[in-house]
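S.K.:
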Amino acid sequence: MPAEPDHPTEERPPLVEQATVRLRIVGTAVLVGVLISTGALAGTVLAGAYATSVDTAFALGSLVFGFGLLGWSGAVALGRGIESMQNHLDTGTGWTEPDARRAMARILGFGLGVMLGTMGFGSVLVSA
Amino acid sequence: MISTRFVLKRLLLLVPVLVGVASLVFSILHLSPGDPALTIAGERASEEFVRQVEESLGLNDPIWVQYGRFLADAAQFQFGESFIIQRNTPVREVLASKLPVTLELALYGQLIGVSLGIPLGILSAVKQDSITDHLTRIGALTGISVPIFWSGPLLILLFAQMLGWLPTSGRISVLYNVEAIRVTGLVTIDTLLAGNMEMFVSAVRHMILPASVIGVYSMALISRMMRSSMLEVIRQDYMRTARAKGQGAKITVLKHGFRNAMIPVITVIGIQFGGLLGGAVLTETVFAIGGIGTLLVEAIKVGDYPIVQGTVLTFAFLFTLVNLGVDITYSILDPRIEQ
Chain A
1 MPAEPDHPTE
11 ERPPLVEQAT
21 VRLRIVGTAV
31 LVGVLISTGA
41 LAGTVLAGAY
51 ATSVDTAFAL
61 GSLVFGFGLL
71 GWSGAVALGR
81 GIESMQNHLD
91 TGTGWTEPDA
101 RRAMARILGF
111 GLGVMLGTMG
121 FGSVLVSA
Chain B
1 MISTRFVLKR
11 LLLLVPVLVG
21 VASLVFSILH
31 LSPGDPALTI
41 AGERASEEFV
51 RQVEESLGLN
61 DPIWVQYGRF
71 LADAAQFQFG
81 ESFIIQRNTP
91 VREVLASKLP
101 VTLELALYGQ
111 LIGVSLGIPL
121 GILSAVKQDS
131 ITDHLTRIGA
141 LTGISVPIFW
151 SGPLLILLFA
161 QMLGWLPTSG
171 RISVLYNVEA
181 IRVTGLVTID
191 TLLAGNMEMF
201 VSAVRHMILP
211 ASVIGVYSMA
221 LISRMMRSSM
231 LEVIRQDYMR
241 TARAKGQGAK
251 ITVLKHGFRN
261 AMIPVITVIG
271 IQFGGLLGGA
281 VLTETVFAIG
291 GIGTLLVEAI
301 KVGDYPIVQG
311 TVLTFAFLFT
321 LVNLGVDITY
331 SILDPRIEQ
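Taken in sequence, the protein lines are chains A and B.
Going left to right, the first sequence walks through residues 1 to 128 as the UniProt record's numbering numbers them.
Going left to right, the second sequence walks through residues 1 to 339 as the UniProt record's numbering numbers them.
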């Protein structure tokens, strides 16, 4: 899917529309994360080896979440500078700040989804 | 004038950066092999004692509870006590004793990089396609390409072993006790504050080689950026207008060109600070200077998790603070950036 265009300040869509787009990007990734982690953990329960899998799944989720969050904030804080540096050093790779931000938002959403899915599944296991 | 809103927005960005780093540290330590409770208790400890340690560290709680507690502690810069390296010493104390070493190295490295890189970049741009330009560009390319683990020993061999001009390792001569005059932890500053010129000279002589090693890398990138940025600015209409009005070439470049050409260079200086901290790990090892980088490597090797967590988060915090400073400088140079 092509990246959504980055609008100049005066042409940006209304705030509600921007929020919806961002929510959709993160929300779908969270959903995918929840589904995948729940499915994987259910598989380990069926296989009878769930003792450490909840911990490992949560740690993997937090790894992805941490990477995504760091990448997102890095893109916001340094993105324009990196773009400008690439232009000045003639090493343009087509990397842009808005694209990086969107990609990282999806990654952090997925990680968050895995963490939430693991928490939910783990809590059910503990109470059962 | 910088707006408070701009600074606040940039300060808020510190939060996700630190949460991201804390999450990465937590997950990596959790996924890496080794049992912290067993490390603390010792290989020969009884099972009951290991369980007691586990309980006291909260390792029996669900992982998300441990994660939440870790984030809450990290938010207050509480990392507990060192397990192994300095047993039972709070991590904050360990870091406070080592951090100034790395900071001093990075600061002098950056100082060398900026003070040489900017003039060389301007010179290279103003004398485009001349011998000076070619030499500067070759120098910059060499500086970027040569790794610290190679240039460090090479400089030691040349300036310390063969010529005998400078010391090979350490921060100051073993004859002096710097702990007695410790104020900032930065040896060069402390010796100066104490008014002891012999100690100061010794500290500076010890700093020259390691700071040069990381400074050369920094200088190379800054001069390359400065040249490219200055070339772009020189071609602007306002520069041509200033020259057409009879202003001298030097004045035009320094008065009108420098400020605008500095904008992308300042960004690089900030981004590079992280690189300098990373480079300091290698430099500290090559020159046997016990800083925070060496501490991190040692902590990873022996599995001293609280030190690893504290060090990595301190690195991240410093890096983001420097970038906040860069953003503010950036907005002073070009107020449109705040928009």
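Yeah, the Cβ is synthetic: ideal placement off N, Cα and C, and Gly gets one too.
Counting C-beta neighbours from all protein chains within 10 Å, is the total for Phe-77 of chain B 16 or more, i.e. buried, or is it exposed?
M.R.: By the 10 Å Cβ count, Phe-77 of chain B comes out exposed.
S.K.: Exposed or buried, Phe-149 of chain B, counting other C-beta atoms within 10 Å across all chains shown (16 or more means buried)?
M.R.: That one is exposed.
S.K.: Just to confirm my understanding: we take Val-32 of chain A, look at its own chain, exclude 5 residues before and 5 after, and list those with CB closer than 7 Å. What are they?
M.R.: Contacts found: Phe-110, Gly-113.
S.K.: Taking only beta carbons into account, state which residues of the stretch 64-79 of chain A come closer than 9 Å to chain B, listed in chain order.
M.R.: Listed by position, the residues of the stretch 64-79 of chain A near chain B (Cβ gap below 9 Å) are Val-64, Phe-65, Gly-66, Phe-67, Gly-68, Leu-69, Leu-70, Gly-71, Trp-72, Ser-73, Gly-74, Val-76, Ala-77, Leu-78.
S.K.: Just the chain A side, please: which residues come within less than 8 Å of Leu-13 of chain B by C-beta, in chain order?
M.R.: Per Cβ cutoff of 8 Å: Ser-73, Val-76, Ala-77.
S.K.: Can you grab the Cα-Cα spacing for the pair Ser-202 of chain B / Leu-111 of chain B, in whole Å?
M.R.: Answer to the nearest angstrom: the Cα atoms are 19 Å apart.
S.K.: Specify the secondary structure class of Pro-14 of chain A as computed by DSSP and reduced to three states.
M.R.: Residue state, collapsed to three classes: coil.
S.K.: Could you tell me whether the Cβ atoms of Ser-73 of chain A and Val-183 of chain B are closer together than 8 Å?
M.R.: Result no, Cβ atoms of Ser-73 of chain A and Val-183 of chain B do not sit closer than 8 Å.
S.K.: Expressed to the nearest angstrom, what Euclidean distance is found between the alpha-carbon atoms of Ile-266 of chain B and Thr-329 of chain B?
M.R.: Rounded to the nearest angstrom, the two C-alpha atoms are 8 Å apart.
S.K.: Residues bridged to Glu-81 of chain B by DSSP?
M.R.: DSSP, once it has assigned bridges, lists B:Pro-90 as partnering Glu-81 of chain B.
S.K.: Let me check understanding here. Comparing Cα to Cα, which of B:Ser-331, B:Pro-264, B:Tyr-176, B:Ile-208 lies closest to Ala-194 of chain B?
M.R.: The shortest Cα separation from Ala-194 of chain B among B:Ser-331, B:Pro-264, B:Tyr-176, B:Ile-208 belongs to B:Tyr-176.
S.K.: Indicate whether at least one CB of chain A lies closer than 8 Å to the CB of Ser-218 of chain B.
M.R.: Not one chain A Cβ lies under 8 Å of Ser-218 of chain B.
S.K.: Between Gly-117 of chain A and chain B, is the shortest Cβ-Cβ distance under 8 Å, so that the two count as touching?
M.R.: With 8 Å as the cut-off, Gly-117 of chain A does not count as an interface residue toward chain B.
S.K.: As a quick exercise: from A:Asp-99, A:Leu-70, A:Ala-29, A:Gly-66, pick the residue whose alpha carbon is nearest that of Arg-80 of chain A.
M.R.: Nearest option by C-alpha distance: A:Asp-99.
S.K.: For Ile-118 of chain B, which option in B:Glu-55, B:Ser-23, B:Val-216 has the closest C-alpha, if you only look at C-alpha atoms?
M.R.: Of the candidates B:Glu-55, B:Ser-23, B:Val-216, the one whose C-alpha sits nearest the C-alpha of Ile-118 of chain B is B:Val-216.
S.K.: I think Ser-218 of chain B touches Gly-113 of chain B, with their Cβ atoms under 8 Å apart; what is that distance to the nearest whole Å?
M.R.: Ser-218 of chain B to Gly-113 of chain B, Cβ: 3 Å. Contact.
S.K.: Within its chain, find whatever has a CB closer than 8 Å to the CB of Leu-15 of chain A; leave out the 5 residues flanking it on each side and keep chain order.
M.R.: None.
S.K.: For chain A, check one thing: does any of its Cβ atoms lie closer than 8 Å to the Cβ of Gly-310 of chain B?
M.R.: By this cut-off, Gly-310 of chain B is not an interface position.
S.K.: Looking only at its chain, what residues have a beta carbon closer than 8 Å to the beta carbon of Ala-249 of chain B, apart from the 5 residues adjacent to it on each side?
M.R.: Cβ neighbours of Ala-249 of chain B beyond the five flanking positions: Val-126, Arg-243.
S.K.: Is it buried or exposed for Asn-60 of chain B, if we count other Cβ within 10 angstroms and need 16 for buried?
M.R.: Classification for Asn-60 of chain B: exposed.
S.K.: Answer yes or no: do Asn-323 of chain B and Leu-23 of chain A have a C-beta to C-beta separation smaller than 8 Å?
M.R.: No, they are not a contact pair.
S.K.: Quick check on Val-17 of chain B - is its C-beta less than 8 Å from some C-beta in chain A?
M.R.: With 8 Å as the cut-off, Val-17 of chain B counts as an interface residue toward chain A.
S.K.: With distance defined between alpha-carbon atoms, name the residue in B:Ile-144, B:Val-21, B:Gly-42 nearest to Phe-67 of chain A.
M.R.: Comparing Cα positions, the closest option is B:Val-21.
S.K.: Grab me the residues of Ile-82 of chain A's own chain with a C-beta within less than 8 Å of its C-beta, minus the 5 sequence neighbours each way, in chain order.
M.R.: Only Trp-95, Glu-97 meet the Cβ criterion.
S.K.: I'd like to know whether the C-beta of Gly-33 of chain A is nearer than 8 Å to at least one C-beta of chain C.
M.R.: Given the protein chain composition of this structure (A and B), no chain C is represented.
S.K.: Does any C-beta atom of chain A lie closer than 8 Å to the C-beta of Gly-20 of chain B?
M.R.: It does; some Cβ of chain A falls within 8 Å.
S.K.: So with CB distances below 7 Å, who are the chain B contacts of Ser-84 of chain A?
M.R.: Those are Pro-264, Thr-267, listed as they occur along chain B.
S.K.: By DSSP, does Ile-172 of chain B sit in helix, in strand, or in coil?
M.R.: The answer is coil: DSSP assigns Ile-172 of chain B none of H, G, I, E or B.
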